Amino acid sequence: MSSTRVLRSHTLLFRITGSYRPLRASKSLRQTLTATHTKRCITTISSCPSPTCACQDMPTGLDIERDKPLDGTMAAYHEHVMISTGRTDWTSRIEEDPNLPFVKHLKDALGPKGKYANLTSIAFLLQPYHNVMITTSSATTSSPETALLFPSFKRISSLSTNVTSMTNFIVGAILPTKLNPNNAASLLLKNATAHLQRQPELAKQLQIEGINDVHILICGHGERDSRCGILGPILQREFEDKLRSSKYALKSQSTTTTTQSEISQISHIGGHKFAGNVIIYIPPILEKQGHPLAGKGIWYGRVEPKHVEGIIRKTIEEGVVIKELFRGGIDREANLMRI
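Here it is, written out as structure tokens:
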């Protein structure tokens, strides 16, 4: 970069931050810059309906935070990339799991020091507009690597750690289609940041299909925090039991070809103190049926077995958000939802 451009960059940095020093964005700053908060016209109820039948007992002795308001405690992200692993015994940091080389490659590329996310100097300002949340999932897969993308609602299979496959995946499906037009830093560093934008032609090399089923994701990352490790399997069993009578029954419980449900335990998403943590992604295809939450993801916290029946009936079937459990939400355009 020329001395003139460096001077301009430092001048912009001072105007934005009051300092000429290179920055490393804090988590709270990244979330503040990233989030496009919207208060959507969604139907809500204050509390979850009481169960009409027996449910599993809530484990005792768990240190759950019950005083802080939940709304707004979800992580700010633009895309949730979920890698199917067929297991739940991930190491505390999934990128350090020796059996997950694909996750390590992905984290290395998109992480703070990665090729596609430089958080040093003024370039850090480009990152917050397209945060990528990477988790693992207990879902099984028959292909080498399978990734589910939300709120894009895409399933991409037959991925691998070779350079071509990783490049096609990241640049063809994950990176933003354009840098945020409100980001002045992108104008100063235009030539240097071209690699941070999506190249749609690379997606043609990927095996992509749309996701048309409801996905219920439960944090069960026991190696990271025992609260989710204990509650995750309990909530999964409870959802499996109560979905038997739902119109969105599990694929394993139904022979219909209409929209069904899939349940997975996933790794750390933040907020273990709010266990049980559940994300529900409602597929866009349900918009044809008038589902109010079609194409959206709803985050719930402090979920207990007694809440599962109500979540299925009110949120999954009727599209109603339960305020006492609501941590936040995301729509198809990656706008964060608040109530």
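Each residue of the sequence shown is one higher than the one before, counting from 2 in the numbering used here. Even glycine gets a Cβ: it sits at the ideal position worked out from N, Cα and C. This structure is a prediction, so every number in the text was calculated from the model and none was measured.
In this chain, lysine 315 is not harboured by any alpha helix (DSSP H), its DSSP state being neither H nor E. In this structure, the CA atom of lysine 243 is about 13 Å from the CA atom of lysine 315.
If you check the CB distance, leucine 294 and glycine 320 come in under 8 Å. DSSP places histidine 216 outside any alpha helix (DSSP H); the residue lies instead in the beta strand (DSSP E), whose first and last residues are 215 to 220. For valine 279, the uninterrupted beta strand (DSSP E) segment begins and ends at 279 to 282.
Where phenylalanine 240 is concerned, the enclosing alpha helix (DSSP H) starts and stops at 227 to 243. Beta-bridge partners assigned by DSSP to glycine 271: none are found.
Contact between the region 153 to 165 and the region 55 to 64 is absent, with fewer than three C-beta pairs closer than 8 Å. In the three-state DSSP reduction, lysine 114 falls in the strand class (E or B). When the beta-carbon positions are compared, serine 161 and proline 177 stay at least 8 Å from each other. Here the region 294 to 311 lies against the region 326 to 340, with 3 or more beta-carbon pairs under 8 Å apart. Its chain contains Val104, Thr137 and Ala148 as the residues whose beta carbon lies nearer than 6 Å to that of isoleucine 84, once the 5 sequence neighbours on both sides are disregarded; these appear in chain order. Between the alpha carbons of serine 48 and isoleucine 281 lies a distance of about 17 Å. Beta bridge pairing from DSSP links tryptophan 300 with Ile280 and Gly329. Secondary structure of threonine 53 (DSSP, three-state): coil. Taking the CA atoms as reference points, isoleucine 286 sits about 6 Å from asparagine 213. The beta carbons of glutamine 261 and alanine 250 sit closer together than 8 Å.
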